[in-house]
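Peer 1: Residue numbers for the sequence shown follow full-length UniProt numbering, so the first one is 1 and each next one is one higher.
Positions of the beta carbon are idealized from the N, C-alpha and C atoms, including for glycine.
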Amino acid sequence: MEMWLKEMQIEGAAMTYKVKETLVRKKTQYQDLAIVDTEIFGRMLVLDGIVQTTVKDEFVYHEMITHIPLFTHPNPKKVLVVGGGDGGAIREILKHKSVEKAVLCEIDGDVIEECKKYLPEISCALDDPRCEIFVGDGIQYVKEHKNEFDVIIVDSTDPFSIAEGLFGGNFYKDIYNALTEDGIFVAQTETPFYLPETVKKVFNDARNIFPITKLFMAAIPTYPGGYWSFTIGSKKYDPTEVDITKIPDLDTKYYTPEIHKACFVLPKYIQELIK
Ligand code: AAT
1 MEMWLKEMQI EGAAMTYKVK ETLVRKKTQY QDLAIVDTEI FGRMLVLDGI VQTTVKDEFV
61 YHEMITHIPL FTHPNPKKVL VVGGGDGGAI REILKHKSVE KAVLCEIDGD VIEECKKYLP
121 EISCALDDPR CEIFVGDGIQ YVKEHKNEFD VIIVDSTDPF SIAEGLFGGN FYKDIYNALT
181 EDGIFVAQTE TPFYLPETVK KVFNDARNIF PITKLFMAAI PTYPGGYWSF TIGSKKYDPT
241 EVDITKIPDL DTKYYTPEIH KACFVLPKYI QELIK
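(1) Looking only at its own chain, which residues have a Cβ that is under 7 angstroms from the Cβ of Tyr194, when we skip the five neighbours before and after it?
(2) Are the Cβ atoms of Leu104 and Val81 separated by less than 7 angstroms?
(3) Who are the Cβ neighbours of Thr66 in its own chain at under 6 angstroms, not counting the five residues just before and after it?
(4) Taking DSSP as the reference, what is the three-state secondary structure of Met1?
(5) In the DSSP output, which residue or residues are listed as bridge partners for Cys131?
(6) Since Ile68 contacts Phe203 with CB under 8 angstroms, what's their CB separation in whole angstroms?
(7) If contact is defined by three or more beta carbon pairs under 8 angstroms, each pair taking one atom from either stretch, is the region 48-60 in contact with the region 29-40?
(8) Nearest chain B C-beta to Val19 closer than 7 angstroms, yes or no?
(9) Under 7 angstroms between the Cβ atoms of His96 and Leu70?
(10) Should Gly88 be listed as close to the ligand AAT, given that the test is whether its C-beta is under 6 angstroms from any heavy atom?
(11) When you measure from the CB of Gln29 to every non-hydrogen atom of the ligand AAT, does any distance come out below 6 angstroms?
(12) Quick one, are the C-beta atoms of residue 278 and Thr252 less than 7 angstroms apart?
(13) Applying the criterion that 16 or more other CB atoms from any shown protein chain within 10 Å of the CB defines a buried residue, is Val265 buried or exposed?
(14) Does the count of Cβ pairs from the region 246-260 and the region 205-213 closer than 8 angstroms reach three?
(15) Given 6 angstroms as the limit, tell me if Asp174 has its C-beta closer than that to any heavy atom belonging to the ligand AAT.
(16) Quick one, which of Phe230, Ser98, Glu144 has its alpha-carbon nearest Asp158's?
(17) Note down, one range per segment and in chain order, each beta strand (DSSP E) of at least 3 residues found wholly within the region 18-81.
(18) Going by DSSP, name the residue or residues bridged to Phe185.
(19) Does the distance from the C-beta atom of Asp57 to that of Pro192 stay below 7 angstroms?
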């Protein structure tokens, strides 16, 4: 019998993936967790029926959410990831020689454990001595830390339920305070095609707090719309003004210095959205 996983992109449109095997399926304290092996995208982490990351295309998201802020900051030493229990962002962060400590604050310990077991190519850096893992709510964690991180990365689920508070002005104020005086924040901010109002609101919330706020895009096949937005808020450094001739070589599959420039060039419908 053929098994297909269906993710609703929006009411009335869905993506489907042929599943070879279900490796784990459980109700955690916070969500319905599954890791399945699929024919086209390999193993994938699915939370509450929504694809979070897949072995085949995770490189796009994890490289872009990390290298854009880390190559914008001239000397990032201490980095925080909120969410991201799969470890993909941590793996990319630790490719930067300047980084002394990368803290992962993930609310759901089961995500970390199951990804360590079934997605080793993504979670491989979680055991690195420079990585510190904290299992708890990112909203609380950020509130309790002041003037501490050079870069904060919000690698969260979509803006519902446990992740709702991770999108919006109050949280961004706390992030501003948790950053050092020249700190940078970045968040995954959804699909401008299906959720234009969300992208607009989140961008405006960030723009009200950070002196420099920019939107950049990346092509992610398994995320709704295939073309995903990230919002970057910075106290001092402009990510679009980086001298890309000075960016050192890094082992990546999507990110390049040219992509660093190009990802901020927006189609007209997205420019209009954040005007
Ligand atoms: N690296 C790509 C994977 C993710 S998963 C996002 C993680 O955020 C989940 O493991 C979830 O448990 C965690 N999370 C949600 N809310 C909180 C919170 N309040 N504090 C800490 N962690 C939290 C991102 C996928 C994006 C999907 C796009 N459709």
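Peer 2: Put simply:
(1) Gln9, Ile10, Pro224, Gly225
(2) Contact flag set, yes.
(3) Ala89, Glu92, Ile93
(4) coil
(5) Ala102
(6) The pair is not a contact, with the Cβ atoms about 15 angstroms apart (cut-off 8 angstroms).
(7) yes
(8) Among the chains in the structure shown there is no chain B, since it carries only a single protein chain.
(9) yes
(10) Answer for Gly88: yes, Cβ within range of the ligand AAT.
(11) no
(12) Outside the displayed range of the chain (1 to 275) lies residue 278, so it cannot be described from this structure.
(13) Burial call: exposed.
(14) no
(15) no
(16) Phe230
(17) 32-38, 42-47, 50-54
(18) Per DSSP, Ile152, Gly233.
(19) no
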